[in-house]
Amino acid sequence: MASSMARSFLQVAATEEVASPLRVVQIEGLVILKIIKHCKEFSPALVTGQLLGLDVGSVLEVTNCFPFPIREEDEEIEADGANYQLEMMRCLREVNVDNNTVGWYQSTILGSYQTVELIETFMNYQENIRRCVCIIYDPSRSNQGVLALKALKLSDSFMELYRANNFTGEKLREKNLSWVDIFEEIPIQVSNSALISAFMTELESDTPVKQCDYDRLQLSTKPYMERNVEFLIECMDDLSMEQQKFQFYYRSLSRQQAQQQAWLQKRRTENMARKAAGEEPLPEEDPSNPIFKPIPEPSRLESFLVTNQIANYCNQINGVAGQNFNRLYLMKSLHDN
Amino acid sequence: MAAGDRTVLQFNSPSSAILSAKVHPLVIFNICDCYVRRPDQAERVIGTLLGSVLPDGTVDIRNSYAVPHTESAEQVALDIEYHHNMLVSHQKVNPKEVIVGWYSTGLGVTGGSALIQDFYSREVPNPIHLTVDTGFRNGEGTVKAFVSVNLSLGDRQLAAQFQEIPLDLCMVEAERVGFDILKKTAVDKLPNDLEGMEVTMGRLLALIDDVYKYVDDVVEGRVPADNNIGRFIAETVASLPKLSPPAFDKLMNDSLQDQLLLLYLSSIARTQLGLAEKLNTAAQIL
């Protein structure tokens with residue numbers, strides 16, 4: 063009786079709760095407004111902030127956020143930054159705000175956010191929090207009339223690889239990981255309390271004149287497109303540099319192998335001669351010889367990140383080009399009439 | 006007061022003439038959120054308003070935070086240390102935002118408000134008091150802003166009178182973009198580029214239809230003609246640039262070609278990426 067009970071308890075303790083995968087991020091309108099305000103005020107500087115909320119099943123609810131002050135120098139600000147965070151969380155706790163960190167947000171320029179720092183910040187957060195998310199807001203794209211808000215998460219297979227810090231081709235083929243799999247984008251849902259939506263509906267001006275947001279109909283998107291293409295060109299340069307690194311690696315590898323073969327041949331003939339002379343054969347390997355030193359394979363992480371960025375720029379260009387088509391045809395029909 | 010003594014009741018005009026106030030929707034969101042989260046025994050929420058005073062006298066209210074308080078029949082107690090802590094924290098992020106006043110939920114001004122107004126006027130020369138009616142007592146949500154004016158009789162201070170000042174809800178473009186999302190209680194996904202365009206064009210179409218109908222009505226005589234509106238309409242229609250059809254066609258085709266070129270370029274880049282990736286990871290080291 064006791065043993066069966068103990069076993070059942072052990073069974074219960076042993077079966078881990080399977081964490082349901084994160085399917086959707088539910089953000090409150092308040093958080094979106096705060097992020098927009100903070101990023102826009104300090105643009106073009108990049109700013110970050112902390113997200114607070116609740117982790118419920120397969121939905122991650124983000125209910126509040128607070129911005130981080132801009133770090134000027136890194137000297138004594140380390141302790142200050144931690145103090146600021148603790149202070150804010152304590153104060154927010156007193157007014158009944160959920161002070162459970164669920165991630166952070168950051169602003170970006172034209173979508174160039176895939177950097178190694180982002181990955182490292184993710185790993186730091188992941189150690190403490192089971193599920194965290196990063197929200198990227200692009201103020202320059204919002205000027206085009208799109209709410210450019212994205213929720214990102216590192217995929218699990220990528221995280222394992224990163225911990226092992228091993229990005230060779232074989233490992234990647236094993237895991238079947240390509241550059242698309244590094245970041246996972248999670249769909250965002252917006253929710254508002256009924257009180258706020260009542261207020262907003264009330265306060266919104268009733269005349270459709272003020273409602274119309276004309277910024278979207280602007281024809282001059284050239285500066286934005288130009289910057290996008292400029293960044294694209296720079297990234298292409300980076301990508302070709304990475305390609306050259308790989309080429310160099312392969313060439314030197316094959317050269318090394320040829321050298322190894324030649325040396326091995328020489329050793330074999332020497333050994334045959336020694337055997338004929340009755341002496342001890344020399345070993346067929348010589349680890350101290352520099353041609354046997356294995357050349358480290360360059361990490362593919364950089365090239366993956368650059369590839370991600372290029373894909374992002376291409377997507378943005380597509381989006382804006384689509385909008386421009388609409389606008390041009392609108393102008394045409396206006397003119398015809 | 007002695008009956009024969011005639012002293013004049015003076016209204017001291019505020020030292021810096023505060024004409025009106027502008028409030029950002031973020032402040033209203035904050036207040037509503039704090040109200041929804043208030044502790045059970047509190048009836049209303051009190052907090053500080055942050056912002057700046059523009060050179061023409063308008064007060065721009067940009068941010069806010071709630072301050073815990075206890076309230077009973079006779080007195081109101083604010084947690085001053087909390088208020089200062091939050092102020093310091095907020096100013097670390099944005100040193101330009103200073104205290105411009107305070108808010109409370111509930112319609113109208115109550116007796117305790119004068120004391121709180123007094124406290125805030127020690128921090129800021131002329132604090133603004135914002136009331137947000139979360140109870141919808143008038144059947145609609147009203148947001149009002151008040152400035153206090155001291156009533157003095159001769160040399161003695163009698164009371165403070167709260168005068169209402171005009172309040173304006175202002176929005177930055179980026180906020181306007183997301184405004185549709187903020188109105189509803191739940192939105193399933195954020196609209197992407199083309200959907201937003203659709204909505205805007207729909208609205209433009211509705212506007213043009215309205216103007217058309219108005220002109221029709223005036224012509225038919227159903228609506229009396231207003232010269233100003235007529236002039237506006239004429240100016241708008243005339244402001245479409247006059248280009249000869251071939252010139253306009255050439256312009257449009259050139260722009261179309263530019264866009265197509267960019268699309269082509271981005272597709273080529275993507276193909277290149279696919280190729281590069283296959284080559285990189287598929288290469289076997291023998």
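Residue numbers (my numbering), protein chains in the order written: chain S, 63 to 399; chain G, 6 to 291.
Using N, Cα and C, we set each Cβ at its ideal position, and we do this for glycine too.
| Query | Result |
| --- | --- |
| Measure how close the beta-carbons of G:ASN35 and S:CYS153 come, nearest whole angstrom, since I'm counting them as under 8 Å. | About 14 Å separates the two Cβ atoms, so there is no contact after all. |
| Please return the same chain residues whose Cβ sits closer than 6 Å to the Cβ of S:THR170, not counting the five positions on each side in sequence. | ILE198, ASP200 |
| Give me the chain G residues within the contact set of S:GLU222, using Cβ-Cβ distance strictly less than 9 Å, ordered along the chain. | Near S:GLU222 there are no residues of chain G at all, since even the closest Cβ is about 17 Å away, more than 9 Å. |
| Who are the Cβ neighbours of S:ASP268 in its own chain at under 8 Å, not counting the five residues just before and after it? | In this prediction, S:ASP268 scores a pLDDT of 47, lower than 50, which makes its location untrustworthy; no coordinate-derived value is stated. |
| Kindly give me the distance between the Cβ atoms of S:CYS194 and S:GLY165, rounded to whole angstroms, as I take these residues to be in contact under 8 Å. | 4 Å |
| Who does G:LEU174 pair with in a DSSP beta bridge? | G:VAL28 |
| Using a Cβ cut-off of 9 Å (strictly closer), state whether S:ASN386 contacts chain G. | yes |
| Would you list the one or two residues that DSSP bridges to S:CYS127? | S:LEU113 |
| Please name the residue, chosen from G:ILE33, G:CYS175, G:SER126, that lies closest to G:ASP65 on a Cα-to-Cα basis. | G:CYS175 |
| Could you tell me if G:ASN258 is buried or exposed, where buried requires 16 or more neighbouring beta carbons within 10 angstroms of its beta carbon? | exposed |
| Who pairs with S:ILE250 in a beta bridge, going by DSSP? | S:VAL87 |
| In chain order, what residues of the same chain have a beta carbon less than 8 Å from the beta carbon of S:GLU28, not counting five sequence neighbours either side? | The requested residue 28 of chain S is not part of the displayed model; chain S covers only 63 to 399. |
| Would you mind telling me which residues of chain S sit closer than 8 Å to G:LEU268, beta carbon to beta carbon, in chain order? | ILE379, ASN380, ALA383 |
| Express the C-alpha separation of G:ASP214 and G:ILE238 in angstroms, rounding to a whole number. | 13 Å |
| Which one or two residues does DSSP pair with S:GLU182 in a beta bridge? | Bridge partners of S:GLU182: none, in fact. |
| Would you kindly check if the distance between the Cβ of S:ILE248 and the Cβ of S:LEU114 is under 9 Å? | no |
| Taking just the CA atoms, how far does G:PRO132 sit from G:ILE104? | 8 Å |
| Below 6 Å CB to CB, which residues in the same chain sit around S:ASN126 once its five sequence neighbours on both sides are set aside? | LEU114, VAL159 |
| Return the chain-ordered list of same chain residues with a C-beta closer than 8 Å to the C-beta of S:ILE357, the five sequence neighbours on each side being excluded. | TYR311, SER314, LEU315, GLN318 |
| Could you confirm whether any beta carbon from chain S is found closer than 9 Å to the beta carbon of G:ASN35? | yes |
| What residues in its chain sit with their C-beta under 8 Å from that of S:THR183, if we drop five residues either side in the sequence? | TRP166, CYS196 |
| In its own chain, which residues sit with a C-beta less than 6 Å from the C-beta of S:GLN88, not counting the 5 before and 5 after it? | VAL121, GLU123, GLN251, SER253 |
| Considering only DSSP beta bridges, list what G:ILE133 is partnered with. | G:GLY106, G:VAL152 |
| With respect to the beta strand (DSSP E) encompassing G:GLU76, which residues constitute its N-terminal and C-terminal limits? | 74-76 |
| Output yes if chain S places a C-beta closer than 9 Å to the C-beta of G:PHE253; else output no. | yes |
| Does any heavy atom of the ligand ATP sit closer than 8 Å to the C-beta of G:GLU169? | With respect to the ligand ATP, the structure offers nothing, as it holds no ligand at all. |
| Assign G:ILE85 to buried or exposed, taking buried as 16 or more other Cβ atoms, counted over all protein chains shown, within 10 Å of its Cβ. | exposed |
| Quick check on S:LEU396 - is its C-beta less than 9 Å from some C-beta in chain G? | yes |
| Can you grab the Cα-Cα spacing for the pair G:GLY266 / G:SER260, in whole Å? | Checking the sequence shown, residue 266 of chain G turns out to be Leu, not Gly. Approximately 10 Å, taken between the alpha carbons. |
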